[in-house]
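*Asks:*
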Amino acid sequence: MIHSPRTQRNRRIVYFIAFAAATTLLWLTFLYYMGSDKYDTLKKDMIIAAEEHLRGKKELLGTELLASNRDLEYVSSLFTSLFQEADAADTPGSLQYVPRLFRQLPLDASRSKAAEQLLERFSKSHPNYLQIRLVDPEGMEIVRIDNVRGNPVVAASDTLQSKSRRYYLEEAKALGANEVYLSALDLNIEHGQIELPYQPVLRFITPVFGTDGKKRGYAVLNYSGSKLLSRLTMKTTDIGTLLLNRRSDFMIGFTPEDAWGFMLGKKDATFKARFPNSWRRITHQPEGHLETEEYLFVFSHFYPEQYLNGGASRFGRDWVIIHYVEKETLNAHVRHYVDDLLLIMLPYYLITLVMAWYIATYIVQLQQAQLRIKIAHQAFENAYEGIMVTTPDARIVQVNKGFSMITGHAEEDVIGSNARILHAPNAQPAVSYRQLWETLKTTGRWSGELWNVRKDGTLYLASLTISTVLDDHDKPLYYISVFTDITKHRKQAEQLRQQIEANKAQHERMLQQSRMAQMGQMIGMIAHQWRQPLASISTIAGTLTVHNLMDDYDPEFFGEQLEAISDLSEHLSATISDFRNFSREDKTRVEISVEETLRQSLKIIGPTLEAHGVRLHRSGSDARVATYPNELRQVLLNILKNAEDALQEQQVADPQIWIRYGTEKGGWAFISFEDNGGGIPAEHFDRIFDSDFSTKMQRDGTGLGLYMSKTIIEEHCKGALQATNTPRGACFTIRLPEGVPA
33 MIHSPRTQRN RRIVYFIAFA AATTLLWLTF LYYMGSDKYD TLKKDMIIAA
83 EEHLRGKKEL LGTELLASNR DLEYVSSLFT SLFQEADAAD TPGSLQYVPR
133 LFRQLPLDAS RSKAAEQLLE RFSKSHPNYL QIRLVDPEGM EIVRIDNVRG
183 NPVVAASDTL QSKSRRYYLE EAKALGANEV YLSALDLNIE HGQIELPYQP
233 VLRFITPVFG TDGKKRGYAV LNYSGSKLLS RLTMKTTDIG TLLLNRRSDF
283 MIGFTPEDAW GFMLGKKDAT FKARFPNSWR RITHQPEGHL ETEEYLFVFS
333 HFYPEQYLNG GASRFGRDWV IIHYVEKETL NAHVRHYVDD LLLIMLPYYL
383 ITLVMAWYIA TYIVQLQQAQ LRIKIAHQAF ENAYEGIMVT TPDARIVQVN
433 KGFSMITGHA EEDVIGSNAR ILHAPNAQPA VSYRQLWETL KTTGRWSGEL
483 WNVRKDGTLY LASLTISTVL DDHDKPLYYI SVFTDITKHR KQAEQLRQQI
533 EANKAQHERM LQQSRMAQMG QMIGMIAHQW RQPLASISTI AGTLTVHNLM
583 DDYDPEFFGE QLEAISDLSE HLSATISDFR NFSREDKTRV EISVEETLRQ
633 SLKIIGPTLE AHGVRLHRSG SDARVATYPN ELRQVLLNIL KNAEDALQEQ
683 QVADPQIWIR YGTEKGGWAF ISFEDNGGGI PAEHFDRIFD SDFSTKMQRD
733 GTGLGLYMSK TIIEEHCKGA LQATNTPRGA CFTIRLPEGV PA
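The working numbering applies: residue 33 is where the sequence shown begins, and numbers increase by one.
Structure representation (structure tokens):
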């Protein structure tokens, strides 16, 4: 009997998953609705709390504004009474008589001192006012009392400033008697600069008149914006506060960096820029709430001017107070709630899953026998491989269609026969069968290849696997043999191996031809470099011979000439060393310097290029690559020699080659060679790297140079070699991976 435990397990899992999925879906639906309800509840609670807070803060702000209005009335009445008293004394009420607090007015000392004390006490008892000012109609300060950490300080005459260019004084000039101006909430500016640290300020201004009804100046109270802003902030870690003006500029932002951007040149640091759709809704509703992808906003408009001047809004000092909470914060609370709910539900859920597993197991056990038989029969009959079932004494008890297709034996012809009918006589030694049975008895399994015979007598090579089926006492009950005919595959593999060997040999021959051709070029280059030194040695030798024949021996002269011969000999030896280095075969990849490798190559071909009038231009930065140094040098020489040939062939008047090297993104080093030879003809461009193509066939070209260069760079060095045409000529670029050898 052929068992299918995997199928049994899969069936059990399928039933379990189906039952568990239904149960899980019910639990998840319950959790979803509970989580959604919790989210809605949290959102509703947040909106209610924020709305209540907004109402309370608006009432508090209104109370503060009314109190400030009364304070301004008190201060202005004090200034007015002093001006009127001065007028009553028949002394002009011109403001130049008030350079120091009231002391220059024609008042008795006790009255002046009393007024000063009143203002000082007022400043001390009202620390929310950073400054109390009296300015003349032109904006020059007459009196200023600074509140420094709760202590009033009367400003000296030489510290009084002109505020004539401040927008709030310009706008306040339109005020009539008993009218109050409220400035924008912004940062305090002293001496033309924003005061540091930042000091938010709200200015209350009202005009002061003399007895003649003429405007003598303005009373100004600078209210501390910091204290005002701190009162607006909601004291909770989940809910944040924003304060915007009517242009959506931040006075309280999401972060400290957002605030006061309109005064610091940050034109885009506005609520409108970040949430244009939300701002449109806010501007059309006095209060309400709205949602974005990231935030839940609860907002309310506040009109501070409605608490001044009988409720008239003349200067548009509208504020928008917004409380917000991040959606992620709400989601985190919901996740925490759901996690707690999961801990309560988990034991019940696990019990449900255990029950689902037992139910699935019971169902599978009922179907097991039929399913195993059906699956085994389908697999047995439809297998492409031949399958044969034998008893321990090698009697055939069952075969499949694949068996008949491979061997030619019909099922009814072989049932009951011995498996030896498949053995090919003399195809393999008897020892192979003995090893087969020994392995099978020891491990219960054997795999290998055997030559068998078909019914028509032809041989075939079988890839065979034999497995043992044991009974309840671990004794062999059946042997199952699964085999395929690999005769054709073996022949194809052998043919492929021979073809690969032939291609490899051809490739090596081509590589050797390329190296020999390049070696010939290098010998020519070395001969060119030797020609002048050898001529110099010959000339020196002739000179010494003449001196010797003339018996003209000068030790110093002879020493200099012999030293010159020695130097020239060392140069010739160094040239031979360079040639040997280029000819040595690389065995391993090593890390090299691109710049140094290029320099070594130019030592070989440079003199030849110079002799033909070719100018070289080098530029770039060094890079380290892991490659085969000599193979790379051979490619560099081949590209440079090709460029030289192209320049000579085109008879360029001023032949030049530009060499650039460095690194690129992605961990690549590059070397490019560009000439001014006019470029590669379009009809040849797609074939320049073919092994059988050369533009120099009619002369000394083999077509192997660029083909082998591309092979070396891309297959050996794991890089890339590309050619392009530029406005000046052809450009060949080599790219190699940076780094150390793997």
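From the three backbone atoms N, C-alpha and C, an ideal C-beta is built for every residue, glycine too.
All figures in this text were calculated on a predicted structure; none of them were measured in a lab.
Note down the Cα distance separating S651 from W690, rounded to an integer number of angstroms.
*Replies:* Here residue 651 corresponds to residue number 619 of the sequence shown, with the count starting at 1. Here residue 690 corresponds to residue number 658 of the sequence shown, with the count starting at 1. Whole-angstrom Cα-Cα distance: 8 Å.
*Asks:* Pull up the CB-CB distance for V370 and G67, whole angstroms please, since I reckon it's below 8 Å.
*Replies:* As a first step, residue 370 is located in the sequence shown; it is residue number 338 there, counting from the start. As a first step, residue 67 is located in the sequence shown; it is residue number 35 there, counting from the start. V370 to G67, Cβ: 5 Å. Contact.
*Asks:* Can you check whether the CB of H365 is closer than 8 Å to the CB of V330?
*Replies:* Against the sequence shown, residue 330 aligns to sequence position 298. Against the sequence shown, residue 365 aligns to sequence position 333. Contact: no.
*Asks:* So the candidates are S464, T238, Y230, T490; which of them puts its Cα closest to the Cα of S479?
*Replies:* Stepping through the sequence shown from its first residue, residue 479 is reached at position 447. Checking every option, the nearest Cα to that of S479 belongs to S464.
*Asks:* For a test of the three-state rule: what should DSSP assign to L228, helix, strand or coil?
*Replies:* Position 196 of the sequence shown holds residue 228. Residue state, collapsed to three classes: coil.
*Asks:* With DSSP as the reference, label E211 as helix, strand or coil.
*Replies:* In the sequence shown, counting from the first residue as 1, residue 211 sits at position 179. In the structure shown, E211 sits in coil (DSSP, three-state: anything other than H, G, I, E or B).
*Asks:* Secondary structure at L491, three-state DSSP: helix, strand or coil?
*Replies:* Taking the sequence shown and counting its residues from 1, one reaches residue 491 at position 459. Correct three-state label for L491: strand.
*Asks:* From which residue to which residue does the alpha helix (DSSP H) around M437 run?
*Replies:* As a position in the sequence shown, residue 437 is number 405, starting the count at 1. It spans 433-439 - the alpha helix (DSSP H) in which M437 sits, taken as one unbroken run.
*Asks:* Would you list the residues sitting across from M582 in a DSSP beta bridge?
*Replies:* Reading the sequence shown from its first residue, position 550 is the one you call residue 582. M582 pairs with nothing; no bridge assigned.
*Asks:* Taking the Cβ atom as the reference point for each residue, do L454 and T439 lie within a distance shorter than 8 Å?
*Replies:* The residue labelled residue 454 in the question sits at position 422 within the sequence shown. The residue labelled residue 439 in the question sits at position 407 within the sequence shown. Closer than 8 Å, so yes.
*Asks:* Quickly, what does DSSP pair S479 with across the bridge? List them, please.
*Replies:* The residue you call residue 479 lines up with position 447 of the sequence shown. According to DSSP, S479 bridges with T497.
*Asks:* Under the three-state reduction of DSSP, which class applies to A643: helix, strand or coil?
*Replies:* Here residue 643 is taken as the residue at index 611 of the sequence shown, counted from 1. Helix, per DSSP.
*Asks:* To which residues of the same chain is L104 closer than 7 Å at the C-beta, ignoring the five residues directly before and after it?
*Replies:* Stepping through the sequence shown from its first residue, residue 104 is reached at position 72. Result list for L104: V212, F236, T238, A251, L253, in chain order.
*Asks:* By how many angstroms is the C-alpha of I703 removed from the C-alpha of P759?
*Replies:* Translated into the one-based positions of the sequence shown, residue 759 becomes position 727. Translated into the one-based positions of the sequence shown, residue 703 becomes position 671. P759 and I703: Cα-Cα distance of roughly 19 Å.
*Asks:* Below 8 Å, how does it come out for the region 179-187 and the region 212-221: are there three or more Cβ pairs, yes or no?
*Replies:* Taking 8 Å as the limit for Cβ pairs, the verdict is that the region 212-221 does not touch the region 179-187.
*Asks:* Report yes or no: do the region 91-108 and the region 149-159 share at least 3 C-beta pairs separated by less than 8 Å?
*Replies:* A contact exists between the region 91-108 and the region 149-159.
*Asks:* According to DSSP, is I532 helix, strand or coil?
*Replies:* Reading the sequence shown from its first residue, position 500 is the one you call residue 532. Helix.
*Asks:* Using alpha carbons as the reference points, say which of A755, G761, D718 lies closest to D686.
*Replies:* Within the sequence shown, residue 686 is the residue found at index 654, counting from 1. Comparing Cα positions, the closest option is G761.
*Asks:* To the nearest angstrom, how far is the alpha carbon of T475 from that of G751?
*Replies:* Translated into positions along the sequence shown, residue 475 becomes position 443. Translated into positions along the sequence shown, residue 751 becomes position 719. Approximately 49 Å between the Cα atoms of the pair.
*Asks:* For M420, which three-state DSSP category applies?
*Replies:* Sequence index remark: in the sequence shown, residue 420 carries index 388 (1-based). Strand.
*Asks:* State the beta-bridge partners of V252 as determined by DSSP.
*Replies:* By one-based count along the sequence shown, residue 252 stands at place 220. Partner(s): R165, I237.
*Asks:* Shortest alpha-carbon distance to L482 belongs to which of I518, E289, D506, P288?
*Replies:* As a position in the sequence shown, residue 482 is number 450, starting the count at 1. For L482, the nearest C-alpha among the options comes from I518.
*Asks:* Going by DSSP, name the residue or residues bridged to F702.
*Replies:* Position 670 of the sequence shown, counted from the first residue, corresponds to residue 702. According to DSSP, F702 bridges with G694, R767.
*Asks:* Can you tell which of L86, L648, G709 has the C-alpha that lies nearest to the C-alpha of T332?
*Replies:* Position 300 of the sequence shown, counted from the first residue, corresponds to residue 332. Here residue 332 turns out to be Ser, not Thr, going by the sequence shown. Minimum Cα distance to S332 is reached at L86.
*Asks:* Grouping DSSP H, G and I as helix and E and B as strand, with all else coil, what is M172?
*Replies:* Locating residue 172 in the sequence shown gives position 140, counting from the first residue. Note: M172 maps to strand in three-state DSSP.
*Asks:* List the DSSP bridge partners of D281.
*Replies:* Residue 281 sits at position 249 when you count from the first residue of the sequence shown. Per DSSP, T302.
*Asks:* When you compare only the Cα positions, how much space is there between T61 and A53?
*Replies:* Your numbering for residue 61 matches position 29 in the sequence shown. Your numbering for residue 53 matches position 21 in the sequence shown. So the alpha carbons of these two residues sit roughly 12 Å apart.
*Asks:* Near D140, what residues of its chain come up, given a Cβ to Cβ distance below 6 Å and the 5 sequence neighbours on each side ignored?
*Replies:* Taking the first residue of the sequence shown as position 1, residue 140 is located at position 108. Here the model assigns D140 a pLDDT of 49, short of 50, so the residue's position is not dependable and the matter cannot be decided.
*Asks:* Under 6 Å Cβ to Cβ from V240, same chain only, skipping five residues before and after it: list those, please.
*Replies:* Residue 240 sits at position 208 when you count from the first residue of the sequence shown. Only S108, F111, T112, R248, G249, A251 meet the Cβ criterion.
*Asks:* In the DSSP assignment, what are the bridge partners of G652?
*Replies:* If you number the sequence shown from 1, residue 652 lands on position 620. Paired residue(s): Y693.
*Asks:* Quick one: using the 10 Å Cβ neighbour count with 16 as the cut-off for buried, is W469 buried or exposed?
*Replies:* Taking the first residue of the sequence shown as 1, we reach residue 469 at position 437. Result: exposed.
*Asks:* W469 bridges to which residues according to DSSP?
*Replies:* Locating residue 469 in the sequence shown gives position 437, where the first residue counts as 1. Paired residue(s): none; W469 is not in a bridge.
*Asks:* How long is the line joining the alpha carbons of I512 and L63, rounded to whole angstroms?
*Replies:* To locate residue 512, count along the sequence shown from 1; it is residue 480. To locate residue 63, count along the sequence shown from 1; it is residue 31. The alpha-carbon atoms of I512 and L63 are separated by roughly 54 Å.
*Asks:* Hey, quick one: how far does the beta strand (DSSP E) through L509 stretch, first residue to last?
*Replies:* On the sequence shown, residue 509 is found 477 positions in, with the first residue counted as 1. Taken as a continuous stretch (DSSP letters only), the beta strand (DSSP E) holding L509 covers 508-517.
*Asks:* What first and last residue would you give for the alpha helix (DSSP H) that runs through G320?
*Replies:* Working through the sequence shown from its first residue, we reach residue 320 at position 288. No alpha helix (DSSP H) holds G320; the beta strand (DSSP E) holding it covers 319-323.
*Asks:* Given 8 Å as the limit, is there contact between the region 654-667 and the region 620-633, that is, 3 or more CB pairs closer than that?
*Replies:* Touching, yes.
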